[in-house]
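Peer 1: Going line by line, the protein sequences match chains A and B.
For the first sequence, my numbering begins at 1 and goes up steadily by one.
For the second sequence, my numbering begins at 258 and goes up steadily by one.
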Amino acid sequence: MSAREKWVAFITIVIKEVRRFTRIWAQTLLPPAITISLYFVIFGNLIGPRIGKMGGHDYMDFIVPGLIMMSVITNSYANVVSSFFSMKFQHCIEEILVSPVPNWIVLAGYVAGGVARGLCVGLIVTLLSLAFTDLQVHHLGVVVSVVILTAVLFSLGGFINAVFANKFDDISIVPTFVLTPLTYLGGVFYSISLLPEFWQTISLGNPILYMINAFRYGLLGVSDIDIGIAYGMILLFIVVLFSYSLWLLNRGVGIRK
Amino acid sequence: MTYALEIRNLKKTYGNGFEALKGISLNVGQGDFFALLGPNGAGKSTTLGIVSSLVNKSAGEVRIFGHDLDTDLVAAKKALGVVPQEFNFNQFEKVFDIVVTQAGYYGMPLGQARRNAERYLRELGLWDKRNEPARMLSGGMKRRLMIARALVHDPGLLILDEPTAGVDIELRRSLWSFLQDINAQGKTIILTTHYLEEAEALCRNIAIIDRGQILENTSKIELLRKLHRETYVLDLGTKPERALDLGDIPCRLNDDGLLEVDIERRVTLNTLFERLSAQNIQVYSMRTKANRLEELFLDLVTQNKAEVDA
Numbered sequence: 001m002s003a004r005e006k007w008v009a010f011i012t013i014v015i016k017e018v019r020r021f022t023r024i025w026a027q028t029l030l031p032p033a034i035t036i037s038l039y040f041v042i043f044g045n046l047i048g049p050r051i052g053k054m055g056g057h058d059y060m061d062f063i064v065p066g067l068i069m070m071s072v073i074t075n076s077y078a079n080v081v082s083s084f085f086s087m088k089f090q091h092c093i094e095e096i097l098v099s100p101v102p103n104w105i106v107l108a109g110y111v112a113g114g115v116a117r118g119l120c121v122g123l124i125v126t127l128l129s130l131a132f133t134d135l136q137v138h139h140l141g142v143v144v145s146v147v148i149l150t151a152v153l154f155s156l157g158g159f160i161n162a163v164f165a166n167k168f169d170d171i172s173i174v175p176t177f178v179l180t181p182l183t184y185l186g187g188v189f190y191s192i193s194l195l196p197e198f199w200q201t202i203s204l205g206n207p208i209l210y211m212i213n214a215f216r217y218g219l220l221g222v223s224d225i226d227i228g229i230a231y232g233m234i235l236l237f238i239v240v241l242f243s244y245s246l247w248l249l250n251r252g253v254g255i256r257k
Numbered sequence: 258m259t260y261a262l263e264i265r266n267l268k269k270t271y272g273n274g275f276e277a278l279k280g281i282s283l284n285v286g287q288g289d290f291f292a293l294l295g296p297n298g299a300g301k302s303t304t305l306g307i308v309s310s311l312v313n314k315s316a317g318e319v320r321i322f323g324h325d326l327d328t329d330l331v332a333a334k335k336a337l338g339v340v341p342q343e344f345n346f347n348q349f350e351k352v353f354d355i356v357v358t359q360a361g362y363y364g365m366p367l368g369q370a371r372r373n374a375e376r377y378l379r380e381l382g383l384w385d386k387r388n389e390p391a392r393m394l395s396g397g398m399k400r401r402l403m404i405a406r407a408l409v410h411d412p413g414l415l416i417l418d419e420p421t422a423g424v425d426i427e428l429r430r431s432l433w434s435f436l437q438d439i440n441a442q443g444k445t446i447i448l449t450t451h452y453l454e455e456a457e458a459l460c461r462n463i464a465i466i467d468r469g470q471i472l473e474n475t476s477k478i479e480l481l482r483k484l485h486r487e488t489y490v491l492d493l494g495t496k497p498e499r500a501l502d503l504g505d506i507p508c509r510l511n512d513d514g515l516l517e518v519d520i521e522r523r524v525t526l527n528t529l530f531e532r533l534s535a536q537n538i539q540v541y542s543m544r545t546k547a548n549r550l551e552e553l554f555l556d557l558v559t560q561n562k563a564e565v566d567a
């Protein structure tokens with residue numbers, strides 16, 4: 001395929017993905033808006049003033065970056081895992097398999113779809129947060145780059161989950177038993193400096209901690225970890241997961257007999 | 258000569274050890290209307306799955322218009338349109354979007370994709386349904402949607418796996434007519450079907466596959482010549498009072514006045530009618546008991562089963 005044909009194929013997948021999650025907005029865009037609003041009300045407005053400062057900021061200000069990232073992570077993952085698995089389940093994946101579109105374009109298209117939903121939900125949550133606090137931006141470049149890279153990373157994670165999933169139960173196991181605990185323990189609601197030294201060390205093994213702290217640095221200028229290390233971790237995970245996803249696609253794992 | 262489809266020594270063994278294809282070879286010429294027939298589990302869908310890149314082959318070569326699947330996959334895929342047996346589109350998407358999206362996967366610019374989609378949706382009588390979600394279509398309409406989708410990138414070779422399964426007679430005939438039209442325009446068509454009268458009505462060349470092996474691969478005319486005996490049903494109006502004597506032509510008469518006669522190839526129908534006329538028997542209508550191809554197909558498959566079992 002020529003470069004132009006590849007671009008058309010890529011845009012086709014992205015448009016299809018965006019059309020899918022906007023068509024079912026009540027399942028994809030509305031629930032995170034309601035859930036995160038409740039977090040803002042309960043943890044920020046009701047409990048937050050009793051907690052006092054966290055990382056040198058009001059508690060509400062401290063949790064906003066974490067909650068935005070939490071919604072980006074869960075939605076970028078959920079979009080790709082549910083969309084790609086549905087394609088397998090309904091055999092629609094055959095539409096792509098019979099076509100000449102290269103595997104890396106397929107992967108890039110689905111990841112872009114996941115990023116689009118992650119950013120869309122992230123934007124909605126950010127706008128909602130403005131009703132509860134005055135959002136400051138310490139470093140716009142860090143904010144934008146971290147949120148996009150994180151969405152890419154978890155879209156890739158969702159893709160790998162979908163490749164191996166054989167039934168609908170399989171697409172909820174990782175989000176429930178891996179993603180949610182890691183997100184909650186990744187410094188959304190607290191600074192790891194509050195933890196005993198042993199648990200601080202353990203927490204450093206949680207990749208989500210790096211993303212949330214990097215994003216928090218972009219907004220508030222505070223972070224529990226070094227920003228350079230955070231970027232390094234995110235990029236390393238992206239390279240590893242992208243390579244693995246592409247290898248799975250080239251081998252036809254889960255999609256070809 | 259470049260064939261539309263060229264298969265050489267194609268083998269497929271699934272992970273559970275089942276040998277679905279045992280080294281089949283066949284050629285389909287450009288512009289041909291070709292049928293791949295076989296009982297369930299014969300290897301038809303595996304063959305078409307490999308050709309359409311949905312199934313990984315174990316060994317062998319496949320070329321589409323000379324483009325090898327191993328070395329020139331993009332060109333091979335561009336030349337191929339596939340209509341699968343099962344509905345495999347997103348039931349929640351609109352009809353028009355499904356067809357246009359498929360064109361996009363082939364890198365076709367949006368304007369051209371929309372024009373092609375409109376053309377084929379109109380030709381297949383689906384233009385009025387273009388804004389309906391696919392799940393709202395009837396079974397026959399869904400089959401036509403898959404044909405429009407397979408044609409939207411203008412492939413030279415169209416493969417249809419059971420295209421008229423579960424479709425009513427009127428629609429089946431209209432699909433036949435459509436397929437004959439696009440074949441006349443130059444598209445090569447390969448179909449699998451369980452309706453052997455469909456293969457007899459549409460196809461010029463036929464391959465019969467069973468247990469992963471090609472049993473026959475020849476022209477329809479040549480294949481039908483191999484039929485040694487045909488059974489005809491004659492309506493005599495009422496049952497004759499006297500017993501019938503047709504000499505060496507085996508026959509059976511039922512109470513409704515229907516006479517079944519088994520005609521060997523060496524016996525002409527003139528001989529049959531001469532003998533009936535000699536006994537003053539009137540014949541009001543006549544038909545073959547079973548489709549000719551069906552008889553031959555059953556003979557070949559039964560014979561192959563006996564050989565394999567032995």
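Ideal Cβ positions, reconstructed from N, Cα and C, are used throughout, including at glycine.
(1) So does the stretch 19 to 36 of chain A actually touch the stretch 180 to 189 of chain A, counting three or more Cβ pairs closer than 8 Å?
(2) Under 7 Å Cβ-Cβ, which residues of chain E neighbour I96 (chain A)?
(3) Helix, strand or coil for D425 (chain B) per DSSP?
(4) With a cut-off of 8 Å, does the C-beta of G306 (chain B) fall near any C-beta of chain A?
(5) Which of the residues in the stretch 310 to 331 of chain B, read from start to end, lie with their CB under 8 Å from any CB of chain A?
(6) Does the stretch 86 to 103 of chain A come into contact with the stretch 205 to 215 of chain A, if we say contact requires no fewer than three beta-carbon pairs (one atom in each stretch) closer than 8 Å?
(7) Is there a Cβ from chain A that is less than 8 Å from the Cβ of V339 (chain B)?
(8) For the putative contact between A441 (chain B) and V409 (chain B), defined by C-beta atoms under 8 Å, what is the C-beta separation to the nearest angstrom?
(9) From which residue to which residue does the beta strand (DSSP E) around G286 (chain B) run?
(10) Within this structure, are the beta carbons of V540 (chain B) and L503 (chain B) separated by less than 8 Å?
(11) Is it the case that the Cβ atoms of V80 (chain A) and V111 (chain A) are separated by a distance below 8 Å?
(12) Against chain B, with Cβ distances strictly below 8 Å, would R216 (chain A) count as a contact?
(13) Rounded to whole angstroms, what's the CA-CA distance from R401 (chain B) to L436 (chain B)? Just pull it up for me.
(14) Tell whether a beta-carbon distance below 8 Å holds between L153 (chain A) and I234 (chain A).
(15) Is it buried or exposed for I171 (chain A), if we count other Cβ within 10 angstroms and need 16 for buried?
(16) Select from A:V146, A:A78, A:S37 and A:S86 the residue whose C-alpha is nearest the C-alpha of I63 (chain A).
(17) Since N474 (chain B) is in the beta strand (DSSP E), which residue starts that stretch and which ends it?
(18) Would you identify the three-state DSSP class for P207 (chain A), choosing helix, strand or coil?
(19) Of the residues A:F237, A:L204 and A:I238, which one's Cα is nearest the Cα of S223 (chain A)?
(20) Is the beta carbon of A456 (chain B) less than 8 Å from the beta carbon of I463 (chain B)?
(21) Taking C-beta to C-beta, are I520 (chain B) and I506 (chain B) nearer than 8 Å?
(22) Just the Cα atoms here: how many angstroms apart are F177 (chain A) and T183 (chain A)?
(23) Since L362 (chain B) is in the alpha helix (DSSP H), which residue starts that stretch and which ends it?
(24) Compare the C-beta of P258 (chain A) with all C-beta atoms of chain B and state if any pair is closer than 8 Å.
(25) Is K279 (chain B) close to chain A, meaning its C-beta is less than 8 Å from at least one C-beta of that chain?
(26) Got a sec, what are the start and stop residues for the alpha helix (DSSP H) Y527 (chain B) sits in?
(27) Do you know offhand how far S155 (chain A)'s Cα is from N345 (chain B)'s?
(28) Out of B:L283, B:S310 and B:L367, point me to the one whose CA is closest to I11 (chain A)'s CA.
Peer 2: Put simply:
(1) no
(2) Going by chain labels, chain E is absent from the structure shown, which instead holds the protein chains A and B.
(3) coil
(4) yes
(5) Those would be S310, L311, V312, N313, L330 and V331, in chain order.
(6) no
(7) yes
(8) That pair is no contact at about 20 Å.
(9) From DSSP, G286 (chain B) is part of no beta strand (DSSP E); its letter is neither H nor E.
(10) no
(11) yes
(12) no
(13) Each residue's alpha carbon lies about 11 Å from the other.
(14) For L153 (chain A) and I234 (chain A), yes; Cβs fall inside 8 Å.
(15) buried
(16) In terms of Cα proximity to I63 (chain A), the closest of A:V146, A:A78, A:S37 and A:S86 is A:S37.
(17) It spans Q470 to S476 - the beta strand (DSSP E) in which N474 (chain B) sits, taken as one unbroken run.
(18) helix
(19) That would be A:L204, whose Cα lies nearest to the Cα of S223 (chain A).
(20) Yes. Within cutoff.
(21) yes
(22) 11 Å
(23) A quick correction: the sequence has Tyr, not Leu, at residue 362 (chain B). That run of the alpha helix (DSSP H) goes V352 to Y362.
(24) Here chain A has residues from 1 to 257 only, and residue 258 (chain A) is not among them.
(25) It does not; no Cβ of chain A falls within 8 Å.
(26) One detail in the question is off: residue 527 (chain B) reads as Asn in this sequence, not Tyr. The continuous alpha helix (DSSP H) containing N527 (chain B) extends over residues L526 to A535.
(27) 24 Å
(28) B:L367
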